[in-house]
Amino acid sequence: SEVLLDVDDLSVTLFTEDGELPAIRSLSFVMRTGETLAVVGESGCGKSMTALSIMGLLPQPPAKIVGGSIRLEGTDLAQLSRDEMRAYRGSKIGMIFQEPMTSLNPVMRAGRQIREGILVHNPQMDKKEADERALEMIRLVGIPAPEKVFRSYPHELSGGMRQRVMIAMALACQPSLLICDEPTTALDVTIQAQILQLIDRMRAELGTAVMLITHDMGVVSEMADWVAVMYAGHLVEYTTASELFTNPKHPYSIGLINSIPSMDDVVDKLFAIPGNVPMLDELPHGCPFHPRCPYARDVCRQECPSVAALDGDENHTVACWMFDQTKWGE
Ligand code: SF4
Ligand code: MG
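In structure tokens:
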């Protein structure tokens with residue numbers, strides 16, 4: 030399907046008291062209409078920062094886009110003013126977060142919150158019509174007793190119901206892109222599965238592209254069409270989910286996949302990839318993964334590999350010297 034979002038050479042810098050830190054470096058990937066891209070990596074890898082950049086919600090200061098573009102249906106979001114970006118959010122881009130309580134207004138009934146969101150982006154609509162649309166969204170996300178939930182305050186709802194209300198709100202204006210940042214981390218396992226199924230059903234029914242930010246490779250294998258693996262602010266591998274799970278190339282991706290627990294063989298995550306993501310102010314020279322990489326050589330400690338297509342396949346890119354004969358040839 031066609032390209033909806035084209036992130037090209039995006040760099041984000043944090044301006045701190047102690048100097049400039051590279052939060053995201055030369056990040057490039059595309060998302061296609063109606064497909065799910067999972068952005069994965071350990072905490073601190075830059076995945077939430079990537080989402081905030083796309084949504085125009087980077088904390089300014091200290092974070093700032095210092096290079097590259099974020100084209101949504103041709104419009105470069107990185108060039109929009111805050112007001113223009115506000116109009117885009119909600120109408121073109123829906124968002125759901127880990128903890129819906131932080132994004133829901135605690136003193137406004139659920140139905141009214143959805144209605145207000147609809148009215149912001151459809152000022153010509155009358156309140157009754159917006160109420161009907163809000164109720165329709167509550168039904169669409171599979172909430173039992175929709176009229177009751179419509180009249181409820183957020184604290185009267187369970188965590189799973191609140192997340193459904195968030196999804197209803199995010200999708201009410203039919204955005205072309207839905208960004209989900211760890212949407213199920215705060216929920217228990219059965220509810221997690223239901224919310225993920227709901228997101229996937231909405232994608233299929235509404236044709237929304239879904240960016241799913243997660244550290245859970247089990248969720249990735251269930252949901253994703255494409256996967257972007259990030260490490261220390263760098264994209265290290267980008268390909269289809271089926272390719273990543275059968276033919277991972279970057280040593281970090283291999284470690285992540287090995288960390289998925291299976292029924293009879295629970296692999297300890299720390300065993301799979303020893304060490305931690307480096308702090309941004311302690312990024313090593315060369316490949317940021319080299320202190321943890323079992324294959325690291327001299328070139329890895331000296332130069333940072335750029336992202337390159339694997340065997341000329343633009344649908345599988347990897348940033349690792351191992352796949353560059355000029356650097357790795359015996
Ligand atoms: Fe390991 Fe070197 Fe590849 Fe980095 S570039 S992942 S250190 S082999
Ligand atoms: Mg995060």
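Just add 29 to wherever you are in the sequence shown, counting from 1, and you've got full-length UniProt numbering.
Backbone N, C-alpha and C define an ideal beta-carbon position, used for all residues, glycine too.
Bear in mind the structure is a predicted one, so any value in this text is a computation, not a measurement.
Alpha-carbon to alpha-carbon, residue j and residue i
{"i": "F58", "j": "D35", "result": "6 Å"}
{"i": "residue 381", "j": "R144", "result": "No information on residue 381 is available, as it lies outside the stretch 30 to 359 that the chain covers here."}
{"i": "L43", "j": "T355", "result": "34 Å"}
{"i": "L81", "j": "T275", "result": "31 Å"}
{"i": "residue 17", "j": "L309", "result": "Look at the range of the chain in this structure, 30 to 359, and you will see that residue 17 is not part of it."}
{"i": "E272", "j": "R191", "result": "35 Å"}
{"i": "G189", "j": "Q221", "result": "8 Å"}
{"i": "A139", "j": "E185", "result": "10 Å"}
{"i": "G146", "j": "N134", "result": "12 Å"}
{"i": "R100", "j": "T62", "result": "13 Å"}
{"i": "H345", "j": "Q203", "result": "30 Å"}
{"i": "residue 7", "j": "D327", "result": "Past the edges of the chain, shown from 30 to 359, lies residue 7, and the structure says nothing about it."}
{"i": "D297", "j": "N287", "result": "Low per-residue confidence applies at D297: pLDDT is 45, beneath 50, and the placement is therefore not dependable enough to give any value."}
{"i": "H319", "j": "S77", "result": "23 Å"}
{"i": "G85", "j": "L109", "result": "9 Å"}
{"i": "V258", "j": "A174", "result": "40 Å"}
{"i": "E343", "j": "P183", "result": "45 Å"}
{"i": "R54", "j": "D217", "result": "35 Å"}
{"i": "V249", "j": "Q223", "result": "15 Å"}
{"i": "L299", "j": "A348", "result": "Only weak support exists for where L299 lies, its pLDDT of 37 falling under 50; the coordinates are left without a value."}
{"i": "G304", "j": "L339", "result": "27 Å"}
{"i": "E71", "j": "H244", "result": "6 Å"}
Check: residue i C-beta below 7 Å from any heavy atom of the ligand SF4
{"i": "C316", "result": "yes"}
{"i": "C349", "result": "yes"}
{"i": "C74", "result": "no"}
{"i": "Y324", "result": "yes"}
{"i": "P277", "result": "no"}
{"i": "C202", "result": "no"}
{"i": "P307", "result": "no"}
{"i": "C209", "result": "no"}
{"i": "P334", "result": "yes"}
{"i": "P280", "result": "yes"}
{"i": "H319", "result": "yes"}
Cβ neighbour criterion (16 or more within 10 Å) applied to residue i
{"i": "E31", "result": "exposed"}
{"i": "P212", "result": "buried"}
{"i": "R180", "result": "exposed"}
{"i": "P277", "result": "buried"}
{"i": "D38", "result": "exposed"}
{"i": "residue 376", "result": "The first residue shown for the chain is 30 and the last is 359, placing residue 376 beyond what the model contains."}
{"i": "Y324", "result": "exposed"}
{"i": "V136", "result": "exposed"}
{"i": "T142", "result": "Note that residue 142 is Gln in the sequence shown, not Thr. So Q142 ends up on the buried side."}
{"i": "S282", "result": "buried"}
{"i": "H279", "result": "buried"}
{"i": "T219", "result": "exposed"}
{"i": "A233", "result": "exposed"}
{"i": "G75", "result": "buried"}
{"i": "P88", "result": "exposed"}
{"i": "T45", "result": "exposed"}
{"i": "M292", "result": "With a pLDDT of only 44 at M292, under the threshold of 50, the placement of this residue in the model should not be trusted, and no figure is reported."}
{"i": "A261", "result": "buried"}
{"i": "R118", "result": "buried"}
{"i": "H314", "result": "exposed"}
{"i": "R330", "result": "exposed"}
Residue range of the unbroken beta strand (DSSP E) whose run includes residue i
{"i": "F44", "result": "32-45"}
{"i": "V170", "result": "V170 -> no beta strand (DSSP E), and no H or E assigned at all."}
{"i": "A222", "result": "It is not in any beta strand (DSSP E) - A222 instead sits in the alpha helix (DSSP H) that spans 218-235."}
{"i": "L50", "result": "48-61"}
{"i": "V239", "result": "238-243"}
{"i": "W209", "result": "For clarity, residue 209 is Cys in the given sequence; the question names Trp instead. Here the beta strand (DSSP E) through C209 covers 206-210."}
{"i": "A92", "result": "92-101"}
{"i": "D342", "result": "342-347"}
{"i": "Y267", "result": "263-269"}
{"i": "A107", "result": "Careful: A107 lies outside any beta strand (DSSP E) and carries neither H nor E."}
{"i": "V256", "result": "255-260"}
Residue range of the alpha helix (DSSP H) that includes residue i
{"i": "H150", "result": "139-150"}
{"i": "M308", "result": "Unbroken run through M308: none, as it is neither H nor E."}
{"i": "M190", "result": "188-200"}
{"i": "W350", "result": "Counting along the chain, W350 falls outside any alpha helix (DSSP H), and DSSP gives it neither H nor E."}
{"i": "L81", "result": "76-84"}
{"i": "Y182", "result": "Looking at the DSSP string, Y182 is not in any alpha helix (DSSP H), and its letter there is neither H nor E."}
{"i": "Y281", "result": "280-287"}
Any non-hydrogen atom of the ligand GDP within 7 Å of residue i CB
{"i": "C329", "result": "What this structure holds is the ligand SF4 and the ligand MG, not the ligand GDP."}
* On the three-pair Cβ rule with 8 Å, is the region 226-242 touching the region 148-160? -> no
Cβ contact (3+ pairs, closer than 8 Å) linking the region 162-174 and the region 122-133
no
Given 8 Å, three or more beta-carbon pairs between the region 92-99 and the region 196-207:
no
- Item | Three or more C-beta pairs below 8 Å linking the region 193-204 and the region 167-174 | yes
**Item:** Cβ contact (3+ pairs, closer than 8 Å) linking the region 49-58 and the region 106-117
**Value:** no
With three or more C-beta pairs closer than 8 Å as the rule, is the region 254-269 touching the region 59-78? yes
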